[in-house]
Amino acid sequence: MMALLAENGPCHVQSDLSTKTNPYSWNGHANVIWLDQPTGVGYSYGPTVDYDSGELNVAENIYWFLQEFLKKHPDLADREFFVTGESYGGHYVPAAASHILKANMLRHLSPNAVHVNLAGIAVGNGLTDPAVQYQHSVDMAFNSYNVSLLDDQAIEDMRKAQPVCHELIMQCQQDRPRCVDAMEFCFGALEGPYYQSGRNPYDIREPCTEENVMKCFHFEHIDEYLNTPTVLTKLGVDVHKSKSWRECDATVGAGFAFDEMLSSAEDVKLLLDAGVRVLIYAGDADLMCNWVGNQAWVMALDWSGKTEFNNAPSRPFVTSEATDSGRVRSFENLAFIRVFNSGHMVPMDQPVVSFEMINKFFQNKDF
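For the sequence shown, counting from 1, position 254 maps to 399 in this note's numbering; every step adds exactly one.
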């Protein structure tokens, strides 16, 4: 919902709770579903025992949602289908797409299942392979914006912490109880120091001294908008059952404590080797899921086109306005784009660039 109302949706909510048309909405050349998930977030309700606790739960629920949606809209069933997401979508998106791919292969076992015409996935500033990405946390101390974030001692301490973090994450892949230890150590040692810099960790170009970094963007008006009686009535929300809509739900988030440090890279490998198109992009002013770490895990991915992709040149990503907007590396069905002058939320910071980028991806055109 945050993406819908502040990033790539057809209408953006303003601070006075009015709405403004977004000329760069991603539904300009595609039909788009903005899905508020996992279970327990937004207006959804039910016993907490039914809340999702990992990407496998999420993937299954997304698949069955799509089954019901396509049965109600059979005219859309043959259209190319893409799964996109941001941030923790680095887990959700590959998992959901992988589940769809496997379910399509086994559809003969479920004669009533609808084939989902999976064509591609796109993830922006995602957390996909923490073991690789956390090894590049300190790299943002040396950023292209010349923003001072850490002193020499902090940099040295972070470098010493990197192998410890890596070992804990690798243990987590085989021993789930270790995942919480990995999350707490890596977050504290490799993200925590940046919080003392007085900068927005989602966009280092901006100052932020909020104790809760989620408040650096001041999206309170979206919470307010989604809880106004008029909006609730228009959406058919049962206010006697649903909670108030809120940007983040701590109860739901806690359920993913054992999931965050798991890798979703194998899902991406499976998709690539099956011919599914993959776009990974990252705004280069983001600390939380920085572009260096995203580039690193993509290049470490052991898929059939690894050598050719890694040997491909990193070339300018130029928009139709002849603006040098980033750097792109691509080979066959994989592309990685570093987006200049953008933080964690590329469609919000660079709407024109993201609009052209996603449309080229949907249409399978060269970047």
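By construction, the Cβ of each residue, glycine as well, lies at the ideal position given by its N, Cα and C atoms. Just so it is clear, the structure is predicted and the values come from calculations on it, not from any experiment.
{"Asked": "Ala399, enclosing alpha helix (DSSP H) - first and last residue", "Found": "Ala395 to Ala399"}
{"Asked": "beta-carbon Asp412 near the ligand NAD non-hydrogen atom, thresh 7 Å", "Found": "Within the structure as shown, the ligand NAD is missing, as the structure has no ligands at all."}
{"Asked": "Close-in-space but distant-in-sequence residues of the same chain around Cys324 (CB under 6 Å, 5 per side omitted)", "Found": "Cys317, Phe403 and Met406"}
{"Asked": "Simplified DSSP state of Tyr290, which is helix, strand or coil", "Found": "coil"}
{"Asked": "Buried/exposed call for Thr229, threshold 16 Cβ in 10 Å", "Found": "buried"}
{"Asked": "Pick from Ile503, Arg422 and Val397 that is closest to Val194, judged by C-alpha positions", "Found": "Val397"}
{"Asked": "The region 488-503 in contact with the region 421-429 per 3-pair CB rule at 8 Å", "Found": "yes"}
{"Asked": "Proximity of Tyr279 and Ile314 at Cβ, strictly below 8 Å", "Found": "yes"}
{"Asked": "Buried or exposed (CB count within 10 angstroms, at least 16 for buried), Glu225", "Found": "exposed"}
{"Asked": "Pairwise C-alpha distance: His253 and His244", "Found": "15 Å"}
{"Asked": "Check whether Ala240 and Glu200 have beta carbons under 8 Å apart", "Found": "yes"}
{"Asked": "Reduced DSSP secondary structure (H/G/I, E/B, other) of Asp511", "Found": "coil"}
{"Asked": "Residue(s) in a DSSP beta bridge with Asp469", "Found": "Val463"}
{"Asked": "Whole-angstrom distance between Val497 and Thr184, CA atom to CA atom", "Found": "32 Å"}
{"Asked": "Chain B within 8 Å of Gly343, Cβ atoms only", "Found": "The question asks about chain B, but that chain is absent: this structure has only one protein chain."}
{"Asked": "Coarse secondary structure for Ala264, derived from DSSP in three states", "Found": "strand"}
{"Asked": "Close-in-space but distant-in-sequence residues of the same chain around Tyr169 (CB under 8 Å, 5 per side omitted)", "Found": "Asn153, Pro492, Pro496, Val497, Ser499 and Phe500"}
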